[in-house]
Amino acid sequence: MTFARGFAAEVRKGLLNLVTGWREVLIQIITFPVFYLLIVLFMGRGQLRAELLLPTLLGMMALTFIHEQVNRVFWSYLGDIQSGVLEQTYLTPLPSAALILGRQVAAAISALPTALAVLATGATTITLQGGHLPFDAQVIVPLAAIVLGTCGLALILCGLTLVFKRIEIITQLSVAVYAIAGGTLIPLAAMPDPIASLSRLVVPIAPGLEAMRDILLDGHSLTALPSGWGLGWLLAQPLLITAGGVIVFTRLEHLAKRRGTLGRY
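Take any residue in the sequence shown, note its place counting from 1, add 567, and you have its number in the numbering used here.
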């Protein structure tokens, strides 16, 4: 019951922050779709080319989600550290796992409005161009893989901020890495093999994106994915990243508590 109450409280707190920050959300709902259209225009040399709309939409949705989810979890921890609240939570009987899980769920929910705004913009543009937005229930698996792997990455960044504090630049640089080398705008198959392999290995959204494109663009089944390293790696990679995130966060959390620096900034 203690765990459930703490988990629910963290989710509620994250959603309240979403509601109170509605102006920021409104700006993002406008700017991210505009950014998506500008990318398509740039890639299409000033034209919204039909063959670019859907592939870029899939990549932009994944990029939007990982940007929002990771940043919201990271800044929630940093905000609690700066205000001196985080140290107080460790003085209660509440398990820290409840805090972690609650923040992750709240951040994932809070990332949805902006990602859905990009999806709605892409779907509308594709329809106006005379096309249609395909759907296949199999994409639920790569979508779940993206969400789970992104949570693992967020755990690593949050663990780092407990110890090293001023690492805001890392979250911003990581978004640039996802955009350039994560397969969001250019398929990994078109990149040099070493970069593509490294991206499939460590970027949470890369295997899921390849799988989504194989399913929606080329009509392949989930068990016969031609791109990347197949269904096995699609399922294994987010689990490995999340397990690594739990280990890294736990060790850095213990280090911060041992040093007595949870509330220091």
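By construction, the Cβ of each residue, glycine as well, lies at the ideal position given by its N, Cα and C atoms.
Cβ of residue i within 8 Å of Cβ of residue j?
i: Ala575; j: Gln636; result: no
i: Leu624; j: Thr751; result: no
i: Leu720; j: Leu829; result: no
i: Ile693; j: Leu621; result: yes
i: Phe641; j: Cys725; result: yes
i: Thr817; j: Gly716; result: no
i: Gln833; j: Ala763; result: For residue 833 there is no data in the structure shown, the boundaries of the chain being 568 and 832.
i: Gly573; j: Gly669; result: yes
i: Val592; j: Pro680; result: yes
i: Leu604; j: Thr656; result: no
i: Ile723; j: Gly812; result: yes
Considering only residues of the same chain and omitting the five flanking positions on each side of residue i, which have a CB-CB separation below 6 Å?
i: Gly775; result: Pro709, Ala712, Ile713
i: Ala690; result: Leu700
i: Ile782; result: Asp703, Gln705, Val706
i: Val815; result: Ile723, Gly726
i: Ala684; result: Ile596, Pro600
Excluding the five sequence neighbours on either side, which residues of its own chain have a C-beta within less than 7 Å of the C-beta of residue i, listed in chain order?
i: Thr790; result: Leu798
i: Pro805; result: Ala712, Leu715, Gly716, Gly719, Pro771
i: Gly786; result: none
Closer than 8 Å by C-beta to residue i: which residues in its own chain qualify, once you throw out the five before and the five after it? Chain order, please.
i: Leu582; result: Ala673, Ile676, Ser677
i: Ser794; result: Pro754, Leu755, Ala756, Glu777, Ala778, Arg780, Asp781
i: Leu615; result: Leu604, Val607, Leu608, Thr692, Gln696
i: Leu686; result: Leu624, Met628
If you draw a straight line from the C-alpha of residue i to the C-alpha of residue j, how long is it?
i: Tyr644; j: Thr728; result: 8 Å
i: Met627; j: Ser766; result: 16 Å
i: Val607; j: Thr587; result: 32 Å
i: Gly749; j: Met758; result: 10 Å
i: Val742; j: Gln595; result: 15 Å
i: Ala682; j: Ile597; result: 11 Å
i: His634; j: Leu585; result: 15 Å
i: Glu820; j: Leu658; result: 14 Å
i: Phe602; j: Asp760; result: 28 Å
i: Gly651; j: Ser788; result: 50 Å
i: Ala746; j: Ala773; result: 10 Å
i: Leu768; j: Val744; result: 14 Å
i: Ala665; j: Ile737; result: 25 Å
i: Lys824; j: Phe731; result: 13 Å
i: Arg590; j: Gly698; result: 33 Å
Quick one: is the Cβ of residue i within less than 7 Å of any heavy atom of the ligand MG?
i: Phe632; result: Among the components of this structure there are no ligands whatsoever, and the ligand MG is therefore not found.
Original post:
Of all the alpha helix (DSSP H) runs that stay within the bounds of the stretch 710-796, which reach a length of 4 or more residues?
Top reply: Listed in chain order, the complete alpha helix (DSSP H) runs (minimum 4 residues) inside the stretch 710-796 are 735-748, 760-769, 773-783.
- Unbroken alpha helix (DSSP H) runs of length 4 or more, entirely within the stretch 664-696: which are they? Within the stretch 664-696, no complete alpha helix (DSSP H) run reaches 4 residues.
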